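Accompanying notes for the structure given below.
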Amino acid sequence: SAIPQPLLNAAQLVIGVSLGVRFTPAFVHTAPRWLASVAFASFFMMGICALFGWVLSQATGLHPATLLLGTAPGGIAEMAITAKVLQLGVPVVTAFQVCRLVAVLVLAEPVYRLWVARAAA
Numbered sequence: 005s006a007i008p009q010p011l012l013n014a015a016q017l018v019i020g021v022s023l024g025v026r027f028t029p030a031f032v033h034t035a036p037r038w039l040a041s042v043a044f045a046s047f048f049m050m051g052i053c054a055l056f057g058w059v060l061s062q063a064t065g066l067h068p069a070t071l072l073l074g075t076a077p078g079g080i081a082e083m084a085i086t087a088k089v090l091q092l093g094v095p096v097v098t099a100f101q102v103c104r105l106v107a108v109l110v111l112a113e114p115v116y117r118l119w120v121a122r123a124a125a
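If you count by the working numbering, then the sequence shown holds residues 5 to 125, one letter each, in order.
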């Protein structure tokens, strides 16, 4: 009951075209600077998360790789699958990822409001 390969290829092409037409010449001009800032922010966040995971592993005695996956910026499903494949603590990774998601959802609005208030002052 698989979808035919030519249909999948056509769907991928349509998705690519619909994304591609959204790029303006101004975006293409500023893309290198934007990509550099995104790359820097991503590597910075990965480093902070790795450091936090390592500190937690030293404090709790849990495997550092388990806590690295638990604190990693990524999807819950991807991190849980990775933990399962690596035979690490899937429940711990899932719990950390859920806590991170809840924290982001709860704290995003207050932090944004504080940021806007400071910018206006």
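Even for Gly, the Cβ is constructed at its ideal location relative to N, Cα and C. Remember, predicted model here, so these are calculated numbers, not experimental data.
Counting C-beta neighbours from all protein chains within 10 Å, is the total for I72 16 or more, i.e. buried, or is it exposed? It should be noted that the sequence gives Leu, not Ile, for residue 72. So L72 counts as buried.
Coarse secondary structure for R37, derived from DSSP in three states: Helix at R37.
Could you tell me the alpha carbon to alpha carbon distance between T70 and Q62, rounded to whole angstroms? Distance between the alpha carbons of T70 and Q62 is about 12 Å.
Applying the criterion that 16 or more other CB atoms from any shown protein chain within 10 Å of the CB defines a buried residue, is C53 buried or exposed? buried
Segment limits, alpha helix (DSSP H) that includes R26: No alpha helix (DSSP H) holds R26; DSSP gives it neither H nor E.
Distance CB(T98)-CB(A107) smaller than 8 Å: no
Check G51 in the structure and name its three-state DSSP category. Here G51 sits in helix by DSSP.
Would a C-beta distance cut-off of 8 Å place A87 and G93 closer than the cut-off? yes
Using a threshold of 8 Å, state whether the C-beta atoms of V110 and G74 are closer than that. no
Mark F44 as exposed unless 16 or more other C-beta atoms lie within 10 angstroms of its C-beta, in which case mark it buried. exposed
Among I80, R122, V115, the one whose alpha carbon lies nearest that of V102: I80
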